[in-house]
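Colleague: If you use my numbering, the sequence shown corresponds to residues 1 to 328, in order. Glycine is no exception: its CB is placed at the ideal position from the N, C-alpha and C atoms. Here the structure is a predicted model, which is why all the values come from computation and not from measurement. Handing you a structure now.
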Amino acid sequence: MSKIGTDVDRALAVLADGGLVAIPTETVYGLAADASNPAAVQRIFGVKQRPTSHPLIVHLADVSLVDDWAADVDSSGRLLADACWPGPLTLLLPRGPSVIDEVTGGRPTVGLRVPAHPMTTTLLERFAAQIRRGGGLAAPSANRFGRISPTTAAHVDADLGDDVDYILDGGPCPIGVESTIVDCTVEPPQLLRPGAITAEQIATLLGFRPAAADGPSRASGMLTSHYAPRARVLLVDSPTEVANAVAAANVRTVVIGPSLSAKTSVFGDSADSDDDLVDLARYAASLYAQLRAADDAGAEVIVAVLPPAAGLGHAIRDRLIKAAAPRS
Ligand code: TXA
Ligand code: MG
């Protein structure tokens, strides 16, 4: 029987049994288990080869479940949850008393998010109604630790096929980069990982800018090297520098960047024209597939065009800079 399909009943049966299901979200695919089952959650770490000190996000069906999982949600957390969920935002909140240590790595906080993907919303709603009352699914991105996140069911199958019990195929992820993470357990809230909910949007909602992450990072996605393809990644600031970078590399090279539309210039001085916003969204949606395709094509070097540091451009730059960082 194929492991990839659209059978929500089968996914629920696997989860009820303590198994692992890859789930589509609007950002990237997640590797999900019942967040209240310690053995199932431990299996996620084993399959991902991820250190247990890197906690997992709990995915919930609905914003109304937040108080079952978090304690003392303050006004910033409440406001962001109400405004952005379902959507590509993860909030770090003080953990509720029933959250297990396997999920949080023993920390006093828990990462929560309500994803916006119709198939996974159905799964989460039925899970919380039929399998574990008010329950949630712990899910990191469905890739081995430090590698590129999957944005299609086929990516998950290629990485983890043997180790996952079922892959729920919800098509390609429309956003393509992981959720924005905001830590609401500190004052003022800190932006730990840029994503499709931008710092500008958060500032508008809160009435002040969130602080940038400082000090030793508290989210593993903030490790210097992450999201890494096999090929070496060279970054350039503009499409006009690509030819020189390719010539200098002088090995099998693949170029990745925004899809070149009919326009002659890609990205003007800033990213605020409508065309540029569309290009940024397309670039984010195709970014990980482009990195994977370059590896599959046997590239030794990937030359990647950095978008401007505005809006969604921050998230793309963050992932590319980590993909280009020296591996330890
Ligand atoms: O878009 C996403 O967020 C995807 C989809 C599947 O929801 N998930 C995702 O999970 O990117 P993951 O585990 O690959 O990245 C979540 C990051 C990790 O760096 C993790 O360490 C951090 O969030 N994190 C989760 N809970 C945390 C907590 N309580 N304190 C600090 N960091 C936390
Ligand atoms: Mg990840």
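1) Between residue 271 and residue 202, what straight-line distance do the alpha-carbon atoms span, to the nearest angstrom?
2) Candidates 130, 102, 139: which alpha carbon is nearest residue 38's?
3) Verify the contact flag: residue 140, CB atom, against every heavy atom of the ligand MG, threshold strictly below 7 Å.
4) Using only CA atoms, which one of 42, 195, 200, 81 lies nearest to residue 65?
5) Would the stretch 96–112 count as touching the stretch 23–30 if we require 3 or more Cβ pairs under 8 Å?
6) Would you decide whether residue 180 is buried or exposed? Buried here means 16 or more other CB atoms lie within 10 Å of its CB.
7) Taking 7 Å as the cut-off, is the beta-carbon of residue 314 closer than that to any non-hydrogen atom of the ligand TXA?
8) Quick check on this structure: which residue in 59, 43, 235, 212 has the alpha carbon closest to the alpha carbon of residue 122?
9) If I'm right that residue 167 touches residue 4 with Cβ under 8 Å, what's the distance once you round it to whole angstroms?
10) In three-state DSSP terms, what is residue 190?
11) Measuring CA to CA, which of 207, 204, 205, 182 is closest to residue 195?
12) Compare the beta carbon distance of residue 142 and residue 15 with 8 Å and say whether it is the shorter of the two.
13) What's the call for residue 74, buried or exposed, on a 16-neighbour Cβ count within 10 Å?
14) Between residue 245 and the rest of its own chain, which residues show a CB-CB distance below 7 Å, the 5 nearest in sequence each way excluded?
15) Compute the beta-carbon to beta-carbon distance between residue 113 and residue 57, rounded to the nearest angstrom, for a pair I have assumed lies under 8 Å.
16) Return helix, strand or coil for residue 264, following the three-state DSSP convention.
17) I need the DSSP call for residue 165, collapsed to helix, strand or coil.
18) How long is the line joining the alpha carbons of residue 164 and residue 55, rounded to whole angstroms?
19) How about residue 26: is its Cβ closer than 7 Å to a heavy atom in the ligand MG?
20) Along the beta strand (DSSP E) that carries residue 304, what are the first and last residues, could you check?
21) Classify residue 100 as helix, strand or coil using the three-state DSSP reduction.
22) Would you say residue 178 touches the ligand MG, meaning its beta carbon is less than 7 Å from a heavy atom?
23) Look at residue 91 and residue 173 and say whether their C-beta atoms are less than 8 Å apart.
24) By DSSP, does residue 111 sit in helix, in strand, or in coil?
25) Near residue 230, which residues of its chain fall below 6 Å by C-beta distance, leaving aside the five closest residues on each side in sequence?
26) Taking only runs that begin and end inside the stretch 2–30, name each unbroken beta strand (DSSP E) of 3 or more residues, in chain order.
27) For residue 71, which of helix, strand or coil comes out of DSSP?
28) Taking 6 Å as the limit between beta carbons, can you name the residues of its chain near residue 71, skipping five residues before and five after?
29) Distance check for residue 170 and residue 282, CA to CA, integer angstroms please.
30) Got a sec: does the ligand TXA put a non-hydrogen atom nearer than 7 Å to the Cβ of residue 400?
31) Going along the chain, which residues of its own chain have a beta-carbon closer than 8 Å to the beta-carbon of residue 151, five neighbours each way excluded?
32) Using the Cβ count rule (16 or more neighbours within 10 Å means buried), how would you classify residue 9?
33) Kindly indicate which residue of 307, 87, 206, 135 has the alpha-carbon position closest to the one of residue 33.
34) Considering only residues of the same chain and omitting the five flanking positions on each side of residue 52, which have a CB-CB separation below 7 Å?
35) Determine the DSSP secondary structure at residue 148, reduced to helix, strand or coil.
Modeller: For this structure:
1) Note on residue 271: pLDDT 46, under 50, position unreliable in the model; no value is reported.
2) 102
3) yes
4) 81
5) no
6) buried
7) no
8) 59
9) 5 Å
10) strand
11) 182
12) no
13) exposed
14) 234, 236, 303
15) 6 Å
16) Reliability fails at residue 264, whose pLDDT of 38 lies under 50, so the model's placement of it is uncertain and no value is given.
17) coil
18) 19 Å
19) no
20) 301–305
21) coil
22) yes
23) no
24) strand
25) 295
26) 21–23
27) coil
28) 94, 96
29) 18 Å
30) One cannot answer for residue 400 here, as it falls past the ends of the chain, which runs 1 to 328.
31) 28, 29, 172, 173, 176, 285, 288, 289
32) exposed
33) 135
34) 45, 105
35) coil
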